[in-house]
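Participant:
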Amino acid sequence: MTKSMHIVKLSIGYLLKLLLVTVFIFPFLWMISTSLQTFKETLAFPPTMVPAVPQFINYVTAWQSGPFLTYFSNSAIITISIIVIQMLVLIPAAYGFAKYKFKGSSFLFSLVLLAFMIPGQVTFIPVYLMMSDWGIGRTLLPQIIPFMTNAFGIFLLRQYLMQVPEELIEAARLDNASEFKILWKIMIPMSKPALATIALFSFVSHWNDYFWPLVMTDSAAVRPLTVGISMLRETEGISNWHVIMAGNVILVIPILIVYLFCSKQIVKAFVYSGIK
Amino acid sequence: MASIELKNITKTFEKHDVIKDLNLTIEDGKFTVLVGPSGCGKTTLLRMIAGLDPQTSGQVLVGGKDVSKTAPGQRGIAMVFQNYAIYPTMSVRENIEFGLKNNKVPKAERIELVESISETVGLKDYLDRKPSTLSGGQRQRVALARAMVKKPSVFLMDEPLSNLDAKLRVQMRIELIELHKKLGTTFVYVTHDQVEAMSMADKIVLMNKGVIQQEAPPEVMYHTPSNQFTAQFIGVPPMNITYVREKQLTFGFRPESAAIGRSPQQGLVQTSGEIITREMLGSETIYQIKTPLDTFMIKSIDDQYRVNETVYVSLPEEKIHFFDDQEKRIAQDSSLYLDKIQALRGQYYG
Numbered sequence: 039m040t041k042s043m044h045i046v047k048l049s050i051g052y053l054l055k056l057l058l059v060t061v062f063i064f065p066f067l068w069m070i071s072t073s074l075q076t077f078k079e080t081l082a083f084p085p086t087m088v089p090a091v092p093q094f095i096n097y098v099t100a101w102q103s104g105p106f107l108t109y110f111s112n113s114a115i116i117t118i119s120i121i122v123i124q125m126l127v128l129i130p131a132a133y134g135f136a137k138y139k140f141k142g143s144s145f146l147f148s149l150v151l152l153a154f155m156i157p158g159q160v161t162f163i164p165v166y167l168m169m170s171d172w173g174i175g176r177t178l179l180p181q182i183i184p185f186m187t188n189a190f191g192i193f194l195l196r197q198y199l200m201q202v203p204e205e206l207i208e209a210a211r212l213d214n215a216s217e218f219k220i221l222w223k224i225m226i227p228m229s230k231p232a233l234a235t236i237a238l239f240s241f242v243s244h245w246n247d248y249f250w251p252l253v254m255t256d257s258a259a260v261r262p263l264t265v266g267i268s269m270l271r272e273t274e275g276i277s278n279w280h281v282i283m284a285g286n287v288i289l290v291i292p293i294l295i296v297y298l299f300c301s302k303q304i305v306k307a308f309v310y311s312g313i314k
Numbered sequence: 003m004a005s006i007e008l009k010n011i012t013k014t015f016e017k018h019d020v021i022k023d024l025n026l027t028i029e030d031g032k033f034t035v036l037v038g039p040s041g042c043g044k045t046t047l048l049r050m051i052a053g054l055d056p057q058t059s060g061q062v063l064v065g066g067k068d069v070s071k072t073a074p075g076q077r078g079i080a081m082v083f084q085n086y087a088i089y090p091t092m093s094v095r096e097n098i099e100f101g102l103k104n105n106k107v108p109k110a111e112r113i114e115l116v117e118s119i120s121e122t123v124g125l126k127d128y129l130d131r132k133p134s135t136l137s138g139g140q141r142q143r144v145a146l147a148r149a150m151v152k153k154p155s156v157f158l159m160d161e162p163l164s165n166l167d168a169k170l171r172v173q174m175r176i177e178l179i180e181l182h183k184k185l186g187t188t189f190v191y192v193t194h195d196q197v198e199a200m201s202m203a204d205k206i207v208l209m210n211k212g213v214i215q216q217e218a219p220p221e222v223m224y225h226t227p228s229n230q231f232t233a234q235f236i237g238v239p240p241m242n243i244t245y246v247r248e249k250q251l252t253f254g255f256r257p258e259s260a261a262i263g264r265s266p267q268q269g270l271v272q273t274s275g276e277i278i279t280r281e282m283l284g285s286e287t288i289y290q291i292k293t294p295l296d297t298f299m300i301k302s303i304d305d306q307y308r309v310n311e312t313v314y315v316s317l318p319e320e321k322i323h324f325f326d327d328q329e330k331r332i333a334q335d336s337s338l339y340l341d342k343i344q345a346l347r348g349q350y351y352g
């Protein structure tokens, strides 16, 4: 009796999990499926999940329908630059907030948190005006400069570094290590999981960013992939969903690759308890 | 090798003097143990010597040189922390090597030093392991090796054994004594455990509330404590101290100084009482005895007495200590001491 009860309980658990996974994975599968269908199939009712003949040609069409290489490299340059600059800014900032006692540190930290809470939509007009004033509209800079710092990253890394025992830093000082060396040789290697998490979040949000580049760009030369793909829709009279979805798959692949590399570190970041 | 001098040291935390105007000389090459209850300022003192939390005023001299303004890494000092503070992302070798690299020791010399030190502390087979794969005792050895490899003139240790289990702790205690003998360097060791202090120290510095109570070798501190605090901090169980109202005097004796028996015995003070508790420790037994004077802890090699039994307790004259109003011990050659002896003589408290 109890055994069958146990099996029932277990099955319900699995069913619920399966349901959850389906909810999350279905749009993804739908996207891949559509990207391989013919135009006719995309309009068929009831919709088909498995295309009769996979249309890999859609990817070629998507790639050739605009300067996609430029879009792709724009996206890559913007995202990588943002991550590198953010790291340069947030690592010393988080270390400072976590491990140095100085006047006004809690006030400054609350300013950081405040920045974290202001939505981008509030600031985009003044930032847009500032960028056009500087005359850098035709470069990638307007898509990089506003994101040089990362309040969430500073917050996350600070919390992480606060768990590092003070004695480690003191031992390093007694070992005649400079403050920079302590940061570089001890703190950064220890915070790899947190840094990987921050980098991944940053990568996903900037690689997928649509709103900001839409506001900031007015020519194909500086557009990233997201905006480029949305252009696919506008060039035709009717929506070419199969081509758009092929473009979206191209957009998503780099994120999947990055996640594959970082997933272990990310799990670590959330279960970190430190070496005692 | 170097001596350490603290001159008129004051340390203030948030307008509160933790240590005030303290003077202390730690002798070159000696194993000195700073001991006291938690919050007595012993760790603060150690951290001032290291330069991690510099003093508010006063001078710290290492080897006769004023290092008050010198960075921790340049004082020629090594420190072993309570939680070992091993760099978790570095291998054992990298941990030991880190200080040498920062001091720009050439590579060939570095390799040689790391090899020989790891041999000394028994870590040779673990050099390429990460600290997370080591046991508590091995991590302790990494911390020691990391300190030793720099050939410091002073070793500072902040309760280095308190995270180890009881058995390993006793073993490491002996290893530290041997290590000190071998290196001949100045050791300054902080602990709250008086057994550690007694067993390892050449000289004990006992502190309470930021003030040094007594500096002396273990046997001197045990037999001639300077005040009631010292008398009761050192020794397990602590010295019995009691106030005799009708004579207006305070006297004390060590638990093992009293003789107990089923019939009255010779002694300056004689009393009798009931055994309340009995702790059989093997070679000796500790009895808690309630007498008309006070309740005393008495240690005896005789384990035949039982709880609720009434026994006679007698104290020999030469084992009794007297304390004055300021809780200071009265020296045995002073006239005051003789007065007190006279006052107590021949009394039976039963």
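Going down the list, the protein sequences come from chains A and B.
Positions 39 to 314 (the working numbering) are the ones given, in order, by the first sequence.
Positions 3 to 352 (the working numbering) are the ones given, in order, by the second sequence.
In this text, a Cβ means the ideal position worked out from N, Cα and C, and glycines have one as well.
#1: Determine the burial state of N310(B): buried for a count of at least 16 other Cβ atoms within 10 Å of its Cβ, exposed for fewer.
#2: For the alpha helix (DSSP H) containing I236(A), list its first residue and its last residue.
#3: With a CB to CB cut of under 8 angstroms and the five nearest residues on each side skipped, what residues in its chain are close to V265(A)?
#4: For S311(A), does the three-state DSSP call read helix, strand or coil?
#5: State the DSSP-derived secondary structure class of G138(B), mapped to helix, strand or coil.
#6: Measuring only the C-alpha atoms, how far is Q290(B) from T91(B)?
#7: Mind checking the region 75-89 of chain B against chain A and listing, in chain order, the residues whose C-beta falls within less than 7 angstroms of any C-beta there?
#8: Assuming A168(B) and A80(B) form a contact by the criterion Cβ under 8 angstroms, report the distance between their Cβ atoms to the nearest whole angstrom.
#9: Give a yes or no on whether the C-beta atoms belonging to H244(A) and S73(A) are separated by under 9 angstroms.
#10: Out of curiosity, what's the CA-to-CA distance linking F235(B) and E180(B)?
#11: Which residues, taken in chain order from the region 181-207 of chain A, show a beta carbon closer than 8 angstroms to some beta carbon of chain B?
#12: Run through DSSP, which three-state label would F299(A) get?
#13: Within a Cβ cutoff of 8 angstroms, which residues of the same chain sit near N210(B), ignoring the five residues on either side of it in sequence?
#14: Using a C-beta cutoff of 9 angstroms, does G101(B) count as contacting chain A?
#15: Quick one: measure Cβ to Cβ for R175(B) and E198(B), integer angstroms, because I've assumed they're closer than 8 angstroms.
#16: Listed in chain order, which residues of the region 43-75 of chain B have Cβ atoms closer than 9 angstroms to some Cβ of chain D?
#17: Measuring CA to CA, which of V82(B), I98(B), K183(B), E276(B) is closest to H121(B)?
#18: Pairs of beta-carbons, one from the region 181-193 of chain A and one from the region 148-158 of chain A, closer than 8 angstroms: are there three or more?
#19: Can you give me the Cβ contacts of P92(A) inside the same chain, cut-off strictly under 6 angstroms, excluding the 5 residues immediately before and after it?
#20: Just the chain B side, please: which residues come within less than 8 angstroms of P231(A) by C-beta, in chain order?
#21: Based on the DSSP output, what are the partners of I11(B) in its beta bridges?
#22: Quick one: Cα of D335(B) to Cα of S259(B), how far?
#23: Given a threshold of 16 other Cβ atoms within 10 Å of its Cβ, counted over all protein chains shown, does F154(A) qualify as buried or as exposed?
#24: Tell me, please, whether the region 240-258 of chain B touches the region 203-223 of chain B by the rule of three or more beta-carbon pairs shorter than 8 angstroms.
#25: Looking at the strands, I want to know which residues DSSP matches up with R280(B).
#26: Going by CA-CA distance only, name the one from N214(A), A100(A), I192(A) that's closest to S240(A).
#27: Tell whether a beta-carbon distance below 9 angstroms holds between L125(B) and V151(B).
#28: Who are the near neighbours of A131(A) in its chain, counting only those whose CB is closer than 7 angstroms to its CB and skipping five residues on each side?
#29: Leaving aside the five residues before and after K314(A) along the sequence, list all residues of the same chain whose C-beta is less than 6 angstroms from its C-beta, in chain order.
#30: Report the neighbours of P219(A) on chain B: residues whose CB is nearer than 8 angstroms to its CB, in chain order.
#31: Taking the straight line between their C-alpha atoms, what separation do you get for K106(B) and A209(A)?
#32: When you compare only the Cα positions, how much space is there between I288(B) and E205(A)?
#33: Under 9 angstroms between C-beta atoms, does M228(A) make it to chain B?
#34: Report the three-state DSSP secondary structure of Y138(A) (helix, strand or coil).
#35: Considering only DSSP beta bridges, list what N229(B) is partnered with.
Facilitator: Result, derived from the coordinates:
#1: Exposed, because fewer than 16 other Cβ atoms sit within 10 Å of the Cβ of N310(B).
#2: Residues 230-245.
#3: Y109, Y248, P251, L252, T255, listed in sequence order.
#4: Here S311(A) scores only 42 on pLDDT, less than 50, and its place in the model should not be relied on; the value that follows carries that caveat. Under the three-state reduction of DSSP output, S311(A) falls in the coil class, being neither helix nor strand.
#5: It is helical.
#6: A straight-line Cα-Cα distance of about 52 angstroms links Q290(B) and T91(B).
#7: Per Cβ criterion, the list reads G75, Q76, I79, A80, M81, F83, N85, A87, Y89.
#8: About 27 angstroms separates the two Cβ atoms, so there is no contact after all.
#9: Taking 9 angstroms as the Cβ cut-off, H244(A) and S73(A) do not qualify as a contacting pair.
#10: If you take the alpha carbons of F235(B) and E180(B), they lie about 26 angstroms apart.
#11: Cβ contacts with chain B: P203, E205, L206.
#12: Looking at F299(A) - three-state DSSP - the assignment turns out to be helix.
#13: So the list reads G38, P39, C42, F231, F235, once near-sequence residues are dropped.
#14: At a cut-off of 9 angstroms, the C-beta of G101(B) has a neighbouring C-beta in chain A.
#15: 7 angstroms between Cβ atoms; contact.
#16: Checking the listed chains, one finds no chain D in this structure; the protein chains it contains are A and B.
#17: Correcting the residue identity first, residue 121(B) is Glu in this sequence and not His. Comparing Cα positions, the closest option is I98(B).
#18: Because the criterion of three Cβ pairs below 8 angstroms is met, the region 181-193 of chain A and the region 148-158 of chain A touch.
#19: Hits under 6 angstroms: L74.
#20: Within chain B, no residue comes near P231(A); the closest Cβ sits about 11 angstroms away, beyond 8 angstroms.
#21: DSSP output for I11(B) lists L24(B) as bridge partner(s).
#22: Cα to Cα, the separation comes out at about 20 angstroms.
#23: Answer is exposed; the Cβ neighbour count stays below 16.
#24: Counting Cβ pairs under 8 angstroms, fewer than three are found: no touch.
#25: Note: R280(B) sits in a beta bridge opposite Y289(B).
#26: The residue with the shortest Cα to Cα distance from S240(A) is I192(A).
#27: No, the Cβ-Cβ distance between L125(B) and V151(B) is not below 9 angstroms.
#28: Here the set comprises I192.
#29: Because K314(A) sits at a pLDDT of 32, beneath the cut-off of 50, its placement in the model cannot be relied upon, and the point is left open.
#30: First, the amino acid is wrong: residue 219(A) is Lys here, not Pro. The contacting residues are N104.
#31: Taken atom to atom, the span from the alpha-carbon of K106(B) to that of A209(A) is near 17 angstroms.
#32: Each residue's alpha carbon lies about 41 angstroms from the other.
#33: Yes, its Cβ sits closer than 9 angstroms to a Cβ of chain B.
#34: Coil, per DSSP.
#35: The partner list for N229(B) (beta bridge, DSSP) reads K330(B).
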